[in-house]
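Scroll down for the structure; my scribbles are underneath it.
Number of protein chains: 2
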Amino acid sequence: MQTRTTYVISDRTGLTAEALCHSLLSQFPNVQFDIENLPFIDTIEKAQDVVKSLNKLAEKTNEKPLVFATLVNDEVRKIIRDGNAVFFDLFDTFIDPLEKELNLESSHSVGRSHGVHDLAQYSARMSAVNFAMTTDDGMETDHYARADVVVIGASRAGKTPTCLYLSLQFGVFAANYPLTAPDLESTELPKALAPHKDKLFGLTIDPYRLQQIRKERFAGDSYASPDACQFEVAQAEAMYRANNVPYVNTTKKSVEEIGAYILHKASLRRKI
Amino acid sequence: MQTRTTYVISDRTGLTAEALCHSLLSQFPNVQFDIENLPFIDTIEKAQDVVKSLNKLAEKTNEKPLVFATLVNDEVRKIIRDGNAVFFDLFDTFIDPLEKELNLESSHSVGRSHGVHDLAQYSARMSAVNFAMTTDDGMETDHYARADVVVIGASRAGKTPTCLYLSLQFGVFAANYPLTAPDLESTELPKALAPHKDKLFGLTIDPYRLQQIRKERFAGDSYASPDACQFEVAQAEAMYRANNVPYVNTTKKSVEEIGAYILHKASLRRKI
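Sequence lines, in order, name chains A and B. The numbers in this note's numbering rise by one with no breaks, and the one at position 140 of the first sequence is 141. The numbers in this note's numbering rise by one with no breaks, and the one at position 97 of the second sequence is 98.
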C-alpha cells in the first residue's frame, strides 16, 4: 500500500483545513496517509522550522509530502510554499476568484471563522450547553418546555454526545431521555414525554452494535445480552412509529452526522 | 453594503464546506453574506430543486448567488454546476491534482470524513464524553488519575464547554475544576489539584467580560460585581504563575480555538 505523509498547516486552529483534508483523502482508500496537524504556524520562524522538517522528510523518503494549508499571512505562506512538498492551498485557491467576483480585495487578516462574535452568541452557546448538561439522561424533565428537541432512545444509542454536539455546534437546546425496559413494555409514550410529542426525535441502532457497545462496559450484565438489545431496539422503533416520532439510525453515523441530520430533519433553528 | 446570498451545498452534512466558506467569507468584512446551508442534497431530484431556487433568486436579484459545494456524485454536481450561480467546488478543485499526484483514481464515494470508523474509536469518544460529564465542575476529583488534562479557572471562564469540546472532538479525557473565592485566597493549589500539577491547564478571561457573562444570569449577586471578577481573575493568574501552570485567555477565543490551543500547548494525544 502506498504511504504518504501529509501535513495540515494553519496559522490558526487548522480545524477547517483538517476537515477538508480528511474529506479529500477519504477518496483514496488504498493509500495510507500519515497525517500530522501543525496549527498556530503564525510566525516566519515557525514557518521556517516547518519547511526544514518538510525538506528533510522529502529527502529521506525521496517523495514529496502533501501539504494542505490555510495560511492567511502572505509571508508565512510564501515560506511554506517554497518547501519541497505538494502544496494544496485551501485559502489562496478560492480567495482570488472570490475577490474578482465581489470586486473587492480581501482583508488578508487571519481567519476569525471560529472566533467569538459577540456576547449574545457566546451566551446562547453557554445556555445551550448548560441546558444539555442539566437535562441529560432524563433529568429535569420539567425543563422540556424550553427544549428545542428531546432526543430519545435506548441506553447507549448515542443520546448524550448527540445533545452535547447540538448544543455546542448549533446552540440548540437539546434534552435527552432514556427509554428504559419498563418504558418499552408498550408503545405508549412515557408520561414525561407525551406533552412534548412534537419535540421528540428518536435514535435507533443496530441491535448487534448496541450489544457490542454495552458489552464494553457491562459484560455479563443481562442489559448487554442479545435478547435485551433486540427487544429494546424493536420496541423503541415501534414506539416511534406508533407516535409519528421521526428517528435516525446511528449505527454508521458519527455524532456530527447525527447532529446535522436532526437539525435538518426537525427544521431546528441554529442560534450560532 | 454589498449583500450576497450564499449557499453551502453538500451531499452529506456540509459541515466541512460550511467551515471553509465561513473562513473565506470572513476575509470580506464589508460584504453582508446571507448564508444558507443545504445539506444532504444526495439525489438528482433534490439537486434539481436547488437549481430552481438558485435560478429564481439570480433572476429576481439580478445577481448570481455564491455556491460552495462538496458534492461527490458526478451527476448531482453537474446539475448544480449548471445553475445560474458562481460555483466554488471544494471537492473537485483538489481531487484532480490529488489524483495526478497519487497516480490513482479517487473512489468518488460520498465522503465518510465524519463517519464512524470502528467500535474502538466510537468507544474512545464515548468514554471521553462520559469522563467529561462525570468530572464536570469539580466533581469526582478522585478520577483525576485518568485525566489527560484538568482545566481550571474561575467560574464562567469557559471550562465546561472547553472540556466537552476536547472530549467530543479529540477523545481527550478532560476534567474541570472551578477555582472558587476561598481557593483564590492564596496562590497555593487547592488540595485536590496539587497531586496532578502536571495535568493542569488554566483559563483566564478579561474581568470585564467575565462580569458581563455573570451578570446575564446572576445580576445583583456579589459574584457578578466588578470587584469580585477582578479579584478572582488576578488571583487565578497569580496561582497559575506561582505554580507554572500554562494558561490561555479565553476572552476573544471560541471554544474550538481554546480546545485546539490546549491540545497543542499541552501536547495532548488525540484519540480520535
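Note that CB positions come from ideal geometry on N, CA and C, so glycine has one too. It should be emphasised that the depicted structure is a prediction, and the values quoted were computed from it without experimental measurement.
- Each residue's CA atom was taken as its position, placing His109/A and Ser27/B some 9 Å apart.
- In the DSSP assignment, Asn177/B falls within the beta strand (DSSP E) that extends over Ala175 to Leu180.
- Taking 8 Å as the CB threshold, Asn31/B lines the interface with chain A.
- For Asp90/B, there is no enclosing alpha helix (DSSP H); the residue is found in the beta strand (DSSP E) stretching over Val87 to Asp90.
- Between Phe41/A and Asp83/A, the gap from beta carbon to beta carbon reaches 8 Å or more.
- Distance from Gln122/B to Ile273/B at the Cβ level is roughly 5 Å; contact confirmed, criterion being Cβ atoms closer than 8 Å.
- If you keep only unbroken alpha helix (DSSP H) runs of at least 4 residues inside the segment 167-231 of chain A, you get 208-219.
- The C-alpha of Tyr241/B is placed about 15 Å away from the C-alpha of Ser156/B.
- CA-CA distance, Phe174/A to Ile153/A, rounds to 14 Å.
- For Ser255/A, no alpha helix (DSSP H) run applies, since DSSP gives it neither H nor E.
- Contact of Met140/A with chain B by beta-carbon distance below 9 Å is absent, the smallest such distance being about 11 Å.
- Contact between the segment 128-140 of chain B and the segment 162-171 of chain B is present: three or more C-beta pairs spanning the two stretches fall below 8 Å.
- The three-state reading of DSSP puts Ile42/A in coil, since its state is none of H, G, I, E or B.
- With respect to the 8 Å criterion, Ala20/B and Thr17/A are classified as neighbours on the basis of their beta carbons.
- Under the 8 Å Cβ criterion, the segment 197-215 of chain A counts as touching the segment 230-241 of chain A, having at least three qualifying pairs.
- Within chain A, Leu103, Asn104 and Leu105 have C-beta atoms less than 9 Å from the C-beta of Gln3/B, given in sequence order.
- With 16 or more neighbouring CB atoms inside 10 Å of its own CB, Pro162/A falls in the buried class.
- Residues of chain A whose Cβ lies closer than 8 Å to the Cβ of Arg126/B are, in chain order, Pro162 and Val256.
- Within the same chain, no residue comes within 7 Å of Ala146/A by CB-CB distance, once the 5 residues on both sides are set aside.
- Those residues of the segment 6-38 of chain B placed with their C-beta closer than 9 Å to a C-beta in chain A are Arg13, Thr14, Gly15, Leu16, Thr17, Ala18, Ala20, Leu21, Cys22, His23, Ser24, Leu25, Leu26, Ser27, Gln28, Phe29, Pro30, Asn31, Val32 and Asn38, ordered along the chain.
- Ile10/A has Leu39/A and Ala70/A as its beta-bridge partners, per DSSP.
- Think of a sphere of 9 Å around the beta carbon of Ser108/A: the chain B residues whose beta carbon falls inside it are Ser27, Gln28, Phe29, Pro30 and Asn31, in chain order.
- Under the Cβ distance rule, Phe89/A counts among the residues neighbouring chain B, one pair being separated by less than 8 Å.
- According to DSSP, residue pairing for Val151/A in a beta bridge involves Ala176/A and Leu201/A.
- Following the DSSP letters along the chain, one finds Ala18/A inside the alpha helix (DSSP H) bounded by residues Leu16 to Leu26.
- About 7 Å separates the beta carbon of Val77/B from that of Asp43/B, a gap short enough to meet the 8 Å contact definition.
- Any Cβ of chain B closer than 8 Å to the Cβ of Ile263/A would place that residue at the interface, and such an atom is absent.
- For the 8 Å CB-CB criterion, Leu190/B and Asn104/B do not form a contact.
- DSSP, reduced to helix, strand and coil, places Arg157/A outside both helices and strands of the structure shown, so it counts as coil.
- Taking 8 Å as the cut-off, the Cβ atoms of Thr62/B and Phe92/B do not count as close.
- Near chain A, meaning a CB-to-CB distance below 8 Å, the residues of the segment 204-222 of chain B are Arg210, Gln213, Ile214 and Glu217.
- Judged by their CB atoms, Arg218/B and Cys230/B are not nearer to each other than the 8 Å cut-off.
- Residues of the segment 54-78 of chain A with a C-beta less than 9 Å from any C-beta of chain B: Lys65, Leu67, Phe69, Thr71 and Val73, listed in chain order.
- For Tyr178/B, none of the residues of chain A pass the 8 Å Cβ criterion, the least Cβ distance being about 16 Å.
- Counting of Cβ neighbours within 10 angstroms places Ser187/A among the exposed residues, the total staying below 16.
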